[in-house]
Each structure stands twice: as structure tokens, then as C-alpha cells.
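Colleague: Add 16 to the 1-based position in the sequence shown for my numbering, that's all there is to it.
All C-beta atoms, glycine included, are put in the ideal place defined by N, C-alpha and C.
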Amino acid sequence: ANAAQAGVAHLVTFKLQDALTTDLTEATVVTLYLLSASNLKLRPILTRQLKSGARIVSHAFSMGDWQPDTVDTFTDSTANTRTLYLWKTDGKVRP
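#1: Does DSSP classify Leu58 as helix, strand or coil?
#2: Using the Cα positions of Asn18 and Ala95, report the straight-line distance between them to the nearest angstrom.
#3: Excluding the 5 residues preceding and the 5 following Gly69 in the sequence, name in chain order all residues of the same chain whose CB lies nearer than 7 Å to its CB.
#4: Measuring straight from C-alpha to C-alpha, what distance separates Leu13 and Gly23?
#5: Go ahead and pull the three-state DSSP assignment for Thr63.
#6: Could you check what DSSP says for Ser52 in three-state terms: helix, strand or coil?
#7: Using 10 angstroms around the beta-carbon of Leu2, count the other beta-carbons present and answer buried if the total reaches 16, otherwise exposed.
#8: Considering only DSSP beta bridges, list what Lys104 is partnered with.
#9: Could you name the residues of the same chain whose beta carbon sits closer than 6 Å to that of Gly80, not counting the 5 residues immediately before and after it, in chain order?
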């Protein structure tokens with residue numbers, strides 16, 4: 017509903033599937049809101065399946081020793097501090 021309201025529904029696909037088994041090979045951006053331990057389980061899957069240049073965005077949680085390309089910390093409309101991490105894949109599979 018939010019994507020439609022924002023006029024970008026034609027640009028996005030939302031999947032409600034098992035993150036460990038879904039096919040992500042066509043994705044150009046993957047967003048995550050999972051604990052760091054779950055991100056680490058997904059890291060080799062994401063870096064194996066995503067094409068070089070794809071983006072991974074995580075809300076609040078990092079991916080261990082894989083340093084993000086960008087970290088953005090901001091205050092949202094409810095005065096809560098939020099952190100977004102961005103990684104750009106480079107073709108290397110990270111265990």
C-alpha cells in the first residue's frame with residue numbers, strides 16, 4: 017500500500033518467503049530488518065546470489081566484519097534515532 021501511495025509500486029517487489037531459500041538473483045536492492053546473527057546467516061547467500069553492484073540495506077543491524085559502504089544515522093518523525101547500513105555487492109562471496 018505504501019509503495020502504491022508513493023507511486024513506486026511498478027519499481028518494487030515484496031516477497032514474503034523464507035529468506036534462506038528464496039531466489040534473489042534478480043534483485044537489485046534487498047532490505048533487511050533482522051538481528052545481526054540473522055544477517056550473518058544471510059550474508060553468504062546474498063553475496064553469492066546478488067549481481068555485482070546490487071545494494072543491501074539493513075535497518076539497525078550490521079553484518080559482522082563486512083564494513084558497510086555507508087552508515088546513515090538519523091532521527092525519525094517520532095524522535096527515535098535510526099541507523100541504516102548500506103553495502104554494495106562486488107562479486108565476492110562473503111562467508
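Modeller: The answer reads as follows:
#1: helix
#2: 21 Å
#3: Lys104 and Thr105
#4: There is simply no residue 13 to check, as the chain begins at 17 and stops at 111 in what is shown.
#5: Looking at Thr63 - three-state DSSP - the assignment turns out to be helix.
#6: Correct three-state label for Ser52: helix.
#7: Since the first residue of the chain shown is 17 and the last is 111, residue 2 is not available in this structure.
#8: Arg71
#9: Leu56
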